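Remarks on the structure that follows.
Residue numbers (our numbering): 30 to 314.
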């Protein structure tokens, strides 16, 4: 289960890896610099394919385009250089940015934000027709999300609180209810960041300043740890033809001396575990 270095663009904050099932490529971003990258396993080629304002997360749309969630509340599509703004901004988010997003089975997107001056972060739901609804407020840093295998629950991470929550999720309406703590991260194990759920329903959580991935069973017990040569392990996703490859992003590439030799790089881990395809968004299609 030793991590394999795939590409090192020395990302300040490498984040949001996502497998594009139509292109058979994995995409990821460097949030502060607005850089978007991609890697094609079949050829071994990787590249920076876009640079803009800050990109806090993205989904793959049902038409194959990427749906970018940016600073100021901007939401836009991108496809081979074609950039199209769908939502210009959100007045309450003009001084901050989105952070971590996920599409649900119906094509809605749950999208979190960083704290704004004088106000903590939020979790929004962006519906297919483009309507935004505030679901949660008072969030330290909205972060990793994932659905339970039965699609009746949503995991959600608040990084500064060092907690991963589990909500009841109503697929028909997109509503969340019955919030409870799924896992509390010990003080000496870093900060929970991005996450994903494998085919067996186990939760994989990246550890910012913890140098590892941590896997929980369905009851919230840690059963696996994978260490990385980077302090800031930021996110993880499954990809590949059979979803048996884990792609993991890291941060701190501008300061490898302190953050580790692998800081800011994209890694692949083959742990003998399979994931599932992420849902495609269907926003304003």
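The beta-carbon is built from N, C-alpha and C at its ideal position, and this holds for glycine as well.
Predicted, not measured: the structure shown is a model, and the values here were computed from it.
Over the uninterrupted beta strand (DSSP E) stretch that includes residue 287, give me the two end residues. Here residue 287 refers to the residue found at position 258 when the chain shown is read from its first residue. Boundaries around residue 287 are those of the alpha helix (DSSP H), 285 to 288, since no beta strand (DSSP E) includes it.
Would you call the CB atoms of residue 168 and residue 151 closer than 9 Å? Locating residue 168 in the chain shown gives position 139, where the first residue counts as 1. Locating residue 151 in the chain shown gives position 122, where the first residue counts as 1. Yes, they are a contact pair.
Whole-angstrom distance between residue 67 and residue 76, CA atom to CA atom: Start at 1 with the first residue of the chain shown, and residue 76 comes out as number 47. Start at 1 with the first residue of the chain shown, and residue 67 comes out as number 38. About 6 Å.
Please state whether the Cβ-Cβ distance between residue 326 and residue 145 is less than 9 Å. What the structure shows of the chain is the stretch from 30 to 314, and residue 326 is not part of that stretch, so it cannot be assessed.
Measure how close the beta-carbons of residue 45 and residue 87 come, nearest whole angstrom, since I'm counting them as under 8 Å. Within the chain shown, the letter at position 16 stands for residue 45. Within the chain shown, the letter at position 58 stands for residue 87. That belief holds up - the Cβ atoms of residue 45 and residue 87 are roughly 6 Å apart, short of 8 Å.
Counted within 10 angstroms of its Cβ, other Cβ atoms place residue 132 as buried (16 or more) or exposed: By one-based count along the chain shown, residue 132 stands at place 103. Buried.
Tell me the DSSP secondary structure of residue 85 in three-state form. Taking the chain shown and counting its residues from 1, one reaches residue 85 at position 56. The answer is strand: DSSP assigns residue 85 an E or B state.
Here's the rule I'm using: 16 or more other beta-carbon atoms within 10 Å means buried, otherwise exposed. How should residue 196 be labelled? Numbered from its first residue, the chain shown carries residue 196 at position 167. If you draw a 10 Å sphere on the C-beta of residue 196, you find 16 or more other C-beta atoms in it, and that means buried.
For residue 141, which of helix, strand or coil comes out of DSSP? Along the chain shown, read from residue 1 onward, the residue named residue 141 stands at position 112. It is a strand residue.
Report yes if the CB atom of residue 308 is closer than 9 Å to the CB atom of residue 279, and no otherwise. Residue numbering aside, residue 308 sits at position 279 when the chain shown is read from its first letter. Residue numbering aside, residue 279 sits at position 250 when the chain shown is read from its first letter. No. Outside cutoff.
Nearest by alpha-carbon distance to residue 69: which of 35, 204, 98 is it? Position 40 of the chain shown, counted from the first residue, corresponds to residue 69. If you compare the alpha carbons of 35, 204, 98 with that of residue 69, the shortest gap goes to 35.
Residues near residue 78 in its chain [Cβ-Cβ closer than 6 Å; skip 5 each side]: On the chain shown, position 49 is the one that residue 78 refers to. Contacts found: 65, 67.
Do residue 236 and residue 216 have their CB atoms nearer than 9 Å? Counting from one through the chain shown, the residue named residue 236 turns up at place 207. Counting from one through the chain shown, the residue named residue 216 turns up at place 187. Taking 9 Å as the Cβ cut-off, residue 236 and residue 216 do not qualify as a contacting pair.
Under three-state DSSP, which class holds residue 120? To locate residue 120, count along the chain shown from 1; it is residue 91. Here DSSP, grouped into helix, strand and coil, assigns residue 120 to helix.
Three-state secondary structure (DSSP) at residue 282? Start at 1 with the first residue of the chain shown, and residue 282 comes out as number 253. Secondary structure of residue 282 (DSSP, three-state): helix.
Given residue 29, which residues of its chain have a CB within under 6 Å of its CB, disregarding the five upstream and five downstream residues? Only positions 30 to 314 of the chain appear in this structure, which leaves residue 29 out of reach.
With 16 as the cutoff for other CB atoms within 10 Å, does residue 163 come out buried or exposed? Translated into positions along the chain shown, residue 163 becomes position 134. Taking a 10 Å sphere around the C-beta of residue 163, we find fewer than 16 other C-beta atoms and assign the residue as exposed.
State the CB to CB distance for the pair residue 214 and residue 242, rounded to an integer number of angstroms; the pair is presumed to be in contact (CB under 8 Å). For the purposes of this step, residue 214 is taken as residue 185 along the chain shown, with counting starting at 1. For the purposes of this step, residue 242 is taken as residue 213 along the chain shown, with counting starting at 1. In fact, because the Cβ distance is near 13 Å, the residues do not count as touching under 8 Å.
If the criterion is Cβ atoms closer than 9 Å, does the pair residue 304 and residue 266 meet it? As a first step, residue 304 is located in the chain shown; it is residue number 275 there, counting from the start. As a first step, residue 266 is located in the chain shown; it is residue number 237 there, counting from the start. Yes. Within cutoff.
With the cut-off set at 9 Å, would you say residue 298 and residue 33 are in Cβ contact? Against the chain shown, residue 298 aligns to sequence position 269. Against the chain shown, residue 33 aligns to sequence position 4. Going by C-beta atoms, residue 298 is nearer than 9 Å to residue 33.
Can you give me the Cβ contacts of residue 246 inside the same chain, cut-off strictly under 7 Å, excluding the 5 residues immediately before and after it? Here the question's residue 246 lines up with position 217 in the chain shown. Closer than 7 Å at the Cβ level, and outside the excluded window around residue 246, lie 231, 252.
From the beta carbon of residue 291, is the nearest beta carbon of chain C less than 9 Å away? Of the protein chains in this structure there is only one, and it is not chain C.
Contact set for residue 165: own chain, Cβ-Cβ below 7 Å, skip 5 residues either direction: Within the chain shown, numbered from 1, the residue matching residue 165 stands at position 136. Its chain contains 151, 152 as the residues whose beta carbon lies nearer than 7 Å to that of residue 165, once the 5 sequence neighbours on both sides are disregarded; these appear in chain order.
DSSP on residue 231, reduced to helix/strand/coil? Start at 1 with the first residue of the chain shown, and residue 231 comes out as number 202. DSSP places residue 231 in coil when its eight states are reduced to three.
Could you say which of 41, 56, 73, 288 lies nearest to residue 47 if we only look at CA atoms? For the purposes of this step, residue 47 is taken as the residue at position 18 of the chain shown. The shortest Cα separation from residue 47 among 41, 56, 73, 288 belongs to 56.
Rounded to a whole number of angstroms, what is the C-alpha to C-alpha distance between residue 233 and residue 248? Residue mapping note: residue 233 aligns to position 204 of the chain shown, counting from 1. Residue mapping note: residue 248 aligns to position 219 of the chain shown, counting from 1. Residue 233 and residue 248: Cα-Cα distance of roughly 13 Å.
Classify residue 149 as helix, strand or coil using the three-state DSSP reduction. Stepping through the chain shown from its first residue, residue 149 is reached at position 120. Of the three classes helix, strand and coil, the one that applies to residue 149 here is coil, per DSSP.
Using a Cβ-Cβ cut-off of 7 Å (strictly less than) and excluding sequence neighbours within five positions of residue 323, which residues of its own chain qualify? For the chain, the structure presents residues 30 to 314; residue 323 sits outside this window and is missing.
With a CB to CB cut of under 7 Å and the five nearest residues on each side skipped, what residues in its chain are close to residue 285? Numbered from 1 along the chain shown, position 256 holds the residue referred to as residue 285. Non-local beta-carbon contacts of residue 285 in its own chain, meaning distances under 7 Å to residues more than five positions away in sequence, involve 292 in chain order.
Below 8 Å on the Cβ atoms is my contact criterion, and I expect residue 101 with residue 122 to pass it. Report the Cβ-Cβ distance as a whole number of Å. In the chain shown, counting from the first residue as 1, residue 101 sits at position 72. In the chain shown, counting from the first residue as 1, residue 122 sits at position 93. Contact flag correct, Cβ pair sits at about 6 Å.
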